[in-house]
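Residue numbers (my numbering): -13 to 271.
Cβ atoms here follow ideal geometry from the backbone N, Cα and C, with glycine treated the same way.
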Amino acid sequence: MNTKRRIMDAAAPWAMRSVMYFMVLVVGYIIFDIVKNGAPVISREFLLGMPRRGGSEGGIWPAIVGTLCLVFGTVIVAMPLGMAAAIYLSEYAKPNFFTATVRLAIVTLAGVPSIVYGLFGLGLFVLFLNFGTSIIAGSLTLACMILPVIIVAGEEALRAVPQSLREGSLALGATKWRTIRKNVLPYAVPGMLTGAILGVGRAAGEAAPILLTVAAFYLPFLPTSIFDQVMALPFHLYVLATQHPDAEKVRPLQYGTALVLLLLVLGLNMAAIILRNQFRKRFRW
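Given below as structure tokens:
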């Protein structure tokens, strides 16, 4: 029995290490393939030019601008709401059946397929509120999609702050809100930004929700208001890869668009990580 247990104890780390290496190799191969085939396409004209001939030629500048508009609109809406909900659930809500039900609903919504959010956005923002297929409809739909991730991550980050920091502040006569603002939030922000990073990465790469609420494949001009329809990199890549009649001709554009989308998501995540690390350096317990 002891011999069998020793063998299992020795084999378990190797098995987990093998799975980890396999996953790294798969992801590395995908990234290598995208970079290898997409890098030759990247040029000033491709990045800053307007699309031509139904998107089969020219650049992807409107898709880049449209994606950035959607991401920033999503962050502006989702971050304040997500952080406020996390603060309420962690600091103010009493542990009862209603609160437990709300938490269960939030966790459940975090796993809902993105196409369901797209149908929800189509019904509420596009049709009922009459926003039409527009930036505001797409941003609100994406914000609803990433809200559960931000709330769950934010609540966990707030719970990780030692209770002694709250008790010490309250013992000195500080109000509940001042205690949260001065003694809790500064230490919880790095963890809350982690949830935001995950949410932004998902929002930037989703095609299903924007397909029904905002995205168009061929719009050779830039948006002028939040009620305009826009191109977006995920949807542009989807159409080039699956719907374009001359798939072989546009294959280089597929890889180029995929590489730009990959770099855009990576850049947004890196910016958020740098901001998170700055907070961690300033506030330690």
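8 Å Cβ cutoff met for residue i and residue j
i: Arg262; j: Pro176; result: yes
i: Val135; j: Ala96; result: yes
i: Leu247; j: Gly159; result: no
i: Ile212; j: Ile122; result: yes
i: Gln264; j: Thr119; result: no
i: Gly185; j: Ile132; result: yes
i: Gly44; j: Gly35; result: yes
i: Pro209; j: Leu128; result: no
i: Leu197; j: Gly104; result: yes
i: Ala189; j: Val57; result: yes
Segment limits, alpha helix (DSSP H) that includes residue i
i: Met69; result: 47 to 73
i: Leu113; result: Segment: none, Leu113 is in no alpha helix (DSSP H) and carries neither H nor E.
i: Phe84; result: 83 to 96
i: Pro99; result: Careful: Pro99 lies outside any alpha helix (DSSP H) and carries neither H nor E.
i: Ala194; result: 194 to 199
i: Glu31; result: 30 to 34
Residues near residue i by beta carbon distance below 6 Å, same chain, minus five either side
i: Val236; result: Ser42, Leu226, His230
Neighbour-count burial assignment, residue i, 16 or more Cβ in a 10 Å radius
i: Glu141; result: buried
i: Asn116; result: exposed
i: Ala257; result: exposed
Residue-level contact to chain C via CB, residue i, 8 Å cutoff
i: Leu249; result: Here chain C cannot be found, since the structure has a single protein chain.
Contacting residues, own chain, Cβ-Cβ under 7 Å from residue i (five flanking each side not counted)
i: Ile92; result: Pro134, Ile137, Val138
i: Leu126; result: Val63, Gly107, Phe111
i: Val21; result: Leu245
i: Phe207; result: Pro48
i: Asp232; result: Ser42
Sequence-distant residues of the same chain with beta carbon closer than 8 Å to residue i, five excluded per side
i: Thr180; result: Ala139, Ala143, Arg262
(request) At 4 residues or longer, and completely inside the segment 218 to 267: list those alpha helix (DSSP H) runs for me, N to C. (result) List check, alpha helix (DSSP H) in window: 219 to 228.
(message) If we require 4 or more residues per run, which alpha helix (DSSP H) segments fall completely within the segment 110 to 174?
(response) Scanning the segment 110 to 174 from its first residue to its last, the whole alpha helix (DSSP H) runs of 4-plus residues come out as 121 to 146, 149 to 157, 162 to 165.
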